[in-house]
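Residues 44 to 172 in my numbering are what the sequence shown spells out, letter by letter.
The structure appears right after this line, and notes come after that.
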Amino acid sequence: MSHSNRNHTVRRIVLPSGRAIEVIRFSEVEPTGRQLSMCPGCSGDLVQPLSWSESSDGCWELTLECPNCWWTEAGLYQREQVEQLEDRLDEGLAGMINDLRRLTHANMASEVDRFIAALNAGVILPEDF
Ligand SMILES: [Zn+2]
């Protein structure tokens with residue numbers, strides 16, 4: 044799958060963090076229907092939108108970035124692709140919240156373990172309460 048026959052320009056944008064990046068901007072709607080969360084640079088599945096705005100004829104103009112290899116691209120994408128990306132982001136968020144829950148649970152479990160260990164060691168005495 045080659046992009047060489049598509050018109051594109053390279054544009055430099057500055058992120059809110061102050062980092063300047065160069066993005067390739069395609070002037071035509073992405074024709075392939077590829078999955079936007081997949082990074083063409085590192086084949087990761089972490090691509091995220093830096094900005095998006097609705098364009099005419101139901102397309103979306105997105106600036107995308109991979110947090111893994113810093114691949115970026117800006118262009119027009121089909122609504123289905125953008126919705127798919129949104130779903131993927133929702134899944135990512137849900138996964139993160141689950142991880143956080145597990146982590147919080149693990150922290151509590153280790154605190155309970157420490158408490159039990161302290162009890163068993165006789166370090167905690169009735170006058171501590
Ligand atoms: Zn990447």
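Glycine is no exception: its CB is placed at the ideal position from the N, C-alpha and C atoms.
1. With 16 as the cutoff for other CB atoms within 10 Å, does Q124 come out buried or exposed?
2. Between the segment 111-122 and the segment 91-102, can you find at least three pairs of beta-carbon atoms closer than 8 Å?
3. Ends of the alpha helix (DSSP H) at L143?
4. Sort I56, R131, V53 and L107 by Cα distance to G84 and report the nearest one.
5. Using the rule of at least 16 other Cβ atoms within 10 Å of the residue's Cβ for burial, across every protein chain shown, is T115 buried or exposed?
6. Taking Cβ positions, are V53 and I67 nearer each other than 8 Å?
7. For R68, which beta-bridge partners are listed by DSSP?
8. Could you compute how far the alpha carbon of S60 sits from the alpha carbon of C109?
9. Per DSSP, what kind of secondary structure is H46 in: helix, strand or coil?
10. Hey, C82 and L89 are a contact pair by Cβ (cut 8 Å); roughly how many whole angstroms apart?
11. Under DSSP, the beta strand (DSSP E) around Q91 begins and ends at which residues?
12. In its own chain, which residues sit with a C-beta less than 7 Å from the C-beta of H51, not counting the 5 before and 5 after it?
Concretely, from the data shown:
1. Q124 counts as buried, since no fewer than 16 other beta carbons sit within 10 angstroms of its beta carbon.
2. A contact is defined here as three or more CB-CB pairs under 8 Å, and the segment 91-102 meets this definition with respect to the segment 111-122.
3. Residues R122 to N163.
4. Answer by Cα proximity: L107.
5. That one is buried.
6. Between V53 and I67, the gap from beta carbon to beta carbon is short of 8 Å.
7. DSSP lists T52 and A117 as partners of R68.
8. A straight line joining the alpha-carbon of S60 with that of C109 spans about 15 Å.
9. Note that H46 has pLDDT 46, beneath the 50 cutoff, so the model's placement of it is unreliable and no number is given.
10. C82 to L89, Cβ: 7 Å. Contact.
11. Here the beta strand (DSSP E) through Q91 covers Q91 to E97.
12. Same-chain partners within the cutoff: I67, R68, F69 and S70.
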